[in-house]
Structure formats: structure tokens, C-alpha cells
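S.K.: Protein chains in written order, with our numbering: chain A, 1189 to 1465; chain B, 11 to 193.
Below is a structure I'd like to ask you about.
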């Protein structure tokens, strides 16, 4: 396990409040290569090193927290954007990978939006699609290391049902109706796997039998943390490849490229949902 | 694909000429990562097929599902060994990959007569109950094992192809297959 000096969520919130005393209306945790909500007004930037005592080691994660408003007015929504996260596959503990979400909860932020880069399992999906998570499967929690994964794969998926998820879908539908260039949102079940190796075809077949639509190596910790909190959490996957038997699977560079292309639509989606009451 | 310089690992302790680790451990990782002429790792593991299938002899692994809840590549990545996110598709060799045409003409290809199945990698020592066996059957799993999957992941990360063999309890490799592997 990667050795890290553990900082509590309360410590992290204390550090943030020293710099920015106002609690945001919403927080966003961004995954690999996803870049949205740039140019926030009256913003401040904190590094993860200053905030959490450590920075993510994976390409595509800048490891900063930006707090700022969507516009120049005092009434414009205040947003906290966490660029990057810690992963179990890097060797971090569960406490560390859930620290971002626990900080958001401790801070009292009412809404958390989480993004990730995911492989598409649903053959109707295309590279660059945005999938709103309507359910997820936890195949990565450390408890499976002692219990084995069989209980996890045999359990039903957890349903993501909250007002923010419904709002994401309705705002996405509005944007698609207004502008034909805005590709309609997908929805489906996300399987969170430990990684860091990508899946074998037999594992892809298994996940499809379990009716999963996308697969990745994150996001489940954030969703689990918020399930028992007052923070409503919803998540969007950027589909960076679609698993097809006759196509060679790309690597992390391909993931980053597809994430960049989808970021503009995701940016539109988040900006709209943050201003709509 | 040349087997000539292959790394030979046998977790069953029954195949002559192979290294015989007691289980998947750091020494296995070091062996698989050691720099030499090898392009292939031949990995033999005990095939637990009770309740799943009946095999008269050794079986060839064509793919796996990792149901151990763990991955030996978790932790900081050594980029000099392999990529942070290894692609582990098409790592297992099939029988035809193991010999070139000339070798097949002269030696035959005994592995070509061996059934080819999906293996499930379980947590060390875990014995699935009947419901779990039903689930494994629904995935077309032919056997479960404890060491092959983590060893394959380490091998694939290090750039090796893998010839995976499952040996049911009480079975041994036939002399022609052993000769094919050790040639």
C-alpha cells in the first residue's frame, strides 16, 4: 500500500475554509482527462498536496481544487472543482480514495457531480458518449480482497436514484432538443473494478451478462460515501472506447483523447444544471 | 511463437523441468519480470473443476475471469517493467500458437488435442458453494484456480504471452505434452 500521511476530511475542510470561507452550492470531482468548468470567476486554486498532503500520480489528473463562481455576480453559483482523484490501483487506502468525497460531505456541500472515463460495454454506445449512472456495481472495495469477488458479482447492482440524477437526464434531454450537435445522454449501470489492468474478454462477457453498460476503476467510493450523507451525488461516465471482440483495445492515451472530445458537452451540461434551480 | 526460452512455472509441483513455487508470491513476480530471451511464460496451475466440468487430462486456458478481489499490479507502477494500465486481452496462447508449421509437421501438436476453457481466479483457498458454482457455470468457466490469474497479470504486464494450463487433481502431463513444452 502506498504510504501517505493521513489527513482527515475535517482537516481538509479546515484548510479550505482558511482560504475560502463560503460553502459552495455544488462540487465536481473530475476523472482522467475530463476538463470542464474552466474560467471560474473570483476563483482560488489549492493543490492536493497542500489540501490532502499528496497528489495523484496518474496522467490526466492535475491534482488541484478550484473554487469559484460561474459568473461575476455574487448570486452566481459557487462551485468547487476537484481535478483528479486517488485510486485504489495506485495503492492508496480506502480512506484516501474516498477523502475527496468525504471532504465534500464534511464541508456541507449539498450536491456532488462525479465524472470518470469508462469503457463502453453496451454495444449501442459510441466513443465520446456521456452516460449518466442510473446504477453501479461495487467490484473494487477492499473488503472483496478478504471475501473474494464472488459475492460482489452475484449481488444486484445498486440503483442511483436521486433528484440530481433525474435533473442531469432532463437537462441533457433539453440540451439535445435545443441543439442537434449536443449528442443525447446515455444512461446505464457502471461497474467499478479495481484495475489497473484492463479487463479480459471473458470479464467483459461477464459484465455484459450482469447488464453493466460501462466499466471503470473509480467513482464507486464517492457514490458509497454520499449514500449515507446529506450530499446528493450523481455521476457521468465519458465513454472512451467500446469493447468489441474484433477491435484492438487502446491504452490510457486513447482514454485521454476521447475524454477531451467529450469535455465540451459535459461542460455545457454542468453549466446548465448548475444555474437551473 | 517460440516456447524455447519460455519461463516455466508449475504450481502443482508435478511437472519435471519447471520451477515449483508453493503459491503465487514475490519470487514468482521476480521470475516473471527477470530480463532474458523469454517471450512466453508457461504456467501450470491446479484446475479445480469439481461441480463445473470433468476433464480427463490437462486443459488449456483461453481466457480468465479474475474473481479474487485483488490484482497483483495494485501499487506504484514500475514503468521499466510495463505500462500503468496493461491491456491483457489476447495474452493466452492457443495450441496453434505454440508451434510453427515445420515443428507441427515433425512433432505433431499434442496441445491441439487438449480442451480449451475459461479459468476463474479465486481468492487463495476459497471453495465456491453450489450457488457460486452455478454462477461460474453460467460464465462458461471450466475450472477455478488460485495462482494462474495473478501470475498471468504479472506476465502480461512484463510483455510476455502466456501458455496457461490447468491440471486436474490426480492428473499429470502426458510425456508428449511435456516434451512439447520443454523442447
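Glycine residues also receive a C-beta, built at the ideal position from the N, C-alpha and C atoms.
Note that the coordinates shown come from a computational prediction; the quantities given were computed from them, not determined experimentally.
1. Here's the rule: buried if 16 or more other CB atoms are within 10 angstroms of the residue's CB, otherwise exposed. What is residue 1367 of chain A?
2. In chain A, which residues lie less than 7 Å from residue 79 of chain B when you measure between Cβ atoms?
3. Can you find at least 3 beta carbon pairs, one from the region 164-181 of chain B and one from the region 138-148 of chain B, that sit closer than 8 Å?
4. Within 8 Å (strictly less), CB to CB, does residue 1383 of chain A reach chain B?
5. Would you say residue 36 of chain B reaches chain A, if we count a Cβ-Cβ gap shorter than 8 Å as a contact?
6. Could you list which residues in chain A have their beta carbon closer than 7 Å to that of residue 132 of chain B, in chain order?
7. Within the region 1271-1351 of chain A, note down every full alpha helix (DSSP H) run reaching 4 residues or more, in order along the chain.
8. So that I know if they touch, is there some Cβ in chain A lying closer than 8 Å to that of residue 152 of chain B?
9. Does any C-beta atom of chain B lie closer than 8 Å to the C-beta of residue 1284 of chain A?
10. Quick check on residue 1277 of chain A - is its C-beta less than 8 Å from some C-beta in chain B?
11. Using only alpha-carbon positions, find the residue among A/1203, A/1220, A/1338 that is nearest to residue 1138 of chain A.
12. Label residue 1229 of chain A either buried or exposed according to how many other C-beta atoms from any shown protein chain fall within 10 Å of its C-beta, with 16 as the threshold for buried.
13. For the ligand GDP, is there any heavy atom lying closer than 7 Å to the beta carbon of residue 37 of chain B?
14. Under 8 Å Cβ-Cβ, which residues of chain A neighbour residue 96 of chain B?
15. Buried or exposed: where does residue 64 of chain B fall if 16 or more other Cβ atoms within 10 Å of its Cβ makes it buried?
16. May I ask you to report which of helix, strand or coil DSSP gives residue 1213 of chain A?
17. Once you ignore the five residues that flank residue 47 of chain B on each side, which residues in its own chain have a CB closer than 6 Å to its CB?
18. For the region 63-74 of chain B, which residues have a beta carbon sitting closer than 7 Å to at least one beta carbon of chain A?
19. Would you say residue 76 of chain B faces chain A, with C-beta separation under 8 Å as the test?
M.R.: So, from the data block:
1. exposed
2. 1332, 1333, 1335, 1336, 1337
3. no
4. yes
5. no
6. 1336
7. 1282-1285, 1287-1295, 1331-1335, 1338-1342
8. no
9. no
10. yes
11. The displayed coordinates of chain A run from 1189 to 1465. Any statement about residue 1138 of chain A would go beyond what the structure contains.
12. exposed
13. As for the ligand GDP, it is missing from this structure, which has no ligand bound.
14. 1384, 1385, 1386
15. exposed
16. coil
17. 15
18. 73, 74
19. yes
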